[in-house]
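Have a look at the structure below before the remarks.
In our numbering, the protein residues as written are -19 to 90.
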């Protein structure tokens, strides 16, 4: 979207652009002021939680969940473990992405 706008957009006000997953190209756009924010769900957290749940299932243990109300698949409510998303902006990308080691400062440099 941003690349298309850069080539063809003639408006006076840049539209608000948002995103999801904080891939490094979009984080660079956030830093440059071309994208307002992106929703970040740390894949390291998601993988760890999924692996824990799979191991619990394989061992016949009770699977740890933190939500038993939200997700109904038209048959039943599906117990889930919800990981907290983070709204990443130019004001917090360092604390959200660089400080915890998801990206290095060099990853986001031009």
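Glycine included, every Cβ here is placed at the ideal spot set by N, Cα and C.
Check: Secondary structure of residue 84, DSSP reduced to three states; Outcome: coil
Check: The alpha helix (DSSP H) enclosing residue 36, as first and last residue numbers; Outcome: 23 to 38
Check: Any non-hydrogen atom of the ligand SAM closer than 7 Å to residue 82 Cβ; Outcome: Although the ligand SAM was asked about, the structure shown includes no ligands whatsoever.
Check: Under the three-state DSSP convention, the category residue -4 falls into; Outcome: coil
Check: Contact check, residue 88 vs residue 8, beta carbons under 8 Å; Outcome: yes
Check: Residue 73 versus residue -5 - alpha carbon distance; Outcome: 21 Å
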